[in-house]
Amino acid sequence: NAGVTQTPKFRVLKTGQSMTLLCAQDMNHEYMYWYRQDPGMGLRLIHYSVGEGTTAKGEVPDGYNVSRLKKQNFLLGLESAAPSQTSVYFCASSYERGGFSYNEQFFGPGTRLTVL
Amino acid sequence: ELKVEQNPLFLSMQEGKNYTIYCNYSTTSDRLYWYRQDPGKSLESLFVLLSNGAVKQEGRLMASLDTKARLSTLHITAAVHDLSATYFCAVDKGGVDSNYQLIWGAGTKLIIKP
Chain A
1 NAGVTQTPKF RVLKTGQSMT LLCAQDMNHE YMYWYRQDPG MGLRLIHYSV
51 GEGTTAKGEV PDGYNVSRLK KQNFLLGLES AAPSQTSVYF CASSYERGGF
101 SYNEQFFGPG TRLTVL
Chain B
1 ELKVEQNPLF LSMQEGKNYT IYCNYSTTSD RLYWYRQDPG KSLESLFVLL
51 SNGAVKQEGR LMASLDTKAR LSTLHITAAV HDLSATYFCA VDKGGVDSNY
101 QLIWGAGTKL IIKP
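Taken in order, these protein sequences are the chains called A and B. At position 86 of the first sequence the residue is numbered 86 (our numbering), and the sequence of numbers has no breaks. At position 71 of the second sequence the residue is numbered 71 (our numbering), and the sequence of numbers has no breaks.
Put into structure tokens, the structure is as follows:
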């Protein structure tokens with residue numbers, strides 16, 4: 001049981017280049033999230049998904065797109081990278097709990113992205 | 001809009017001492033989470049607090065939740081170096097359309113010196 005995995009772990013891009021970050025989870029979780037973490041700012045939600053084929057915007061969605069074609073995978077795309085997107089990106093997942101539900105999220109190891 | 005504030009943001013303390021990290025939030029919620037992050041690593045869930053008066057303990061860490069005061073505390077007893085990390089609290093956004101979004105505090109960087 002690998003939990004939540006992210007690919008790649010590190011990446012350096014030039015301004016204007018595009019790339020896709022892959023998040024995969026093997027826990028059969030319904031909910032998946034993409035965050036960015038910047039120094040002193042905690043975690044900020046970029047996009048999230050409540051199930052296969054669904055996506056929604058979070059707090060800071062501009063410049064990013066996502067897709068969730070399969071339940072276990074959640075992709076984050078940068079179409080035209082900018083230096084402001086230099087950050088550490090974390091993927092997380094959680095599952096629907098019956099009754100009194102709550103949202104303990106499980107995190108991947110992160111992707112460190114630098115945009116020059 | 002829900003806001004989550006932690007204080008202090010940075011804490012340097014000696015081994016063996018006790019201290020408390022505070023997490024305040026601005027709107028009604030009864031679901032609060034504490035996470036730990038080691039440098040360069042991912043986030044690890046520590047505690048899930050789900051009701052007013054909830055208290056959870058794990059080793060030298062104890063977390064509590066007062067939903068009326070909109071305050072959670074993470075208390076460290078007799079600190080040891082291994083507890084050095086950044087600690088985050090997060091609160092369920094709540095509401096019909098929240099889809100279990102969490103709002104995060106900025107984190108408290110804790111350094112414990114021998």
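Yeah, the Cβ is synthetic: ideal placement off N, Cα and C, and Gly gets one too. Fair warning: this is a prediction, and the values are worked out from it, not measured in the lab.
Residue nearest to residue i in terms of C-alpha spacing, selected from the options
i	options	result
A/T121	A/R36, A/L43 and A/E30	Beyond the ends of chain A as shown, which are 1 and 116, falls residue 121 of chain A; an answer cannot be given.
A/F106	A/P39, A/L78, A/V115 and A/C23	A/C23
B/F10	B/Y22, B/V4, B/G53 and B/K3	B/Y22
B/Q14	B/T108, B/I103 and B/S84	B/S84
B/G131	A/S18, A/P39, A/S49 and A/N28	For residue 131 of chain B there is no data in the structure shown, the boundaries of chain B being 1 and 114.
B/E58	B/G16, B/P8 and B/Y35	B/Y35
A/L75	A/A81, A/A82 and A/S67	A/S67
A/L43	B/P114, B/I111, B/K113 and B/G107	B/G107
A/D26	A/L13, A/S94, A/S84 and A/V50	A/S94
B/K109	B/Y19, B/V55 and B/L2	B/Y19
Buried versus exposed, by CB contacts within 10 Å (16 or more), residue i
i	result
A/L78	buried
A/V115	buried
B/A63	buried
B/Q101	buried
A/F10	exposed
B/S72	buried
B/T67	buried
B/A79	buried
A/H47	buried
B/G16	exposed
A/N103	buried
B/A69	exposed
A/A82	exposed
Bridge partner(s) assigned by DSSP for residue i
i	result
B/D66	B/L71
B/T21	Correcting the residue identity first, residue 21 of chain B is Ile in this sequence and not Thr. B/I21 is bridged to B/L74.
A/Y102	DSSP output for A/Y102 lists no bridge partner at all.
A/V60	Bridge partners of A/V60: none, in fact.
B/K113	B/Q14
- Query: Are three or more beta carbon pairs between the segment 107 to 115 of chain A and the segment 36 to 53 of chain B nearer than 8 Å?
  - Reply: yes
- Task: Taking a Cβ distance cut-off of 8 Å, strictly less, list which residues of the segment 81 to 110 of chain B are near chain A, in chain order.
- Result: F88, A90, D92, N99, Y100, Q101, L102, W104, G105, A106 and G107
- Message: Three or more C-beta pairs under 8 Å: does that hold for the segment 25 to 40 of chain A against the segment 56 to 71 of chain A?
- Response: yes
- Contact the segment 4 to 20 of chain A vs the segment 85 to 94 of chain A: 3+ CB pairs below 8 Å: yes
- Task: Indicate whether the contact test is met: 3 or more Cβ pairs, each with one atom in the segment 85 to 92 of chain B and one in the segment 29 to 38 of chain B, closer than 8 Å.
- Result: yes
- Query: Using a beta-carbon distance cut-off of less than 8 Å, what residues from the segment 37 to 54 of chain A approach chain B?
  - Reply: G40, M41, G42, L43, R44, L45, Y48 and V50
- Quick one, which residues of the segment 41 to 59 of chain B are near chain A if we go by CB-CB under 8 Å, in chain order? K41, S42, L43, E44, S45, V48 and L50
- Message: What are the residues in the segment 1 to 34 of chain B lying within 7 Å of chain A by C-beta distance?
- Response: R31 and Y33
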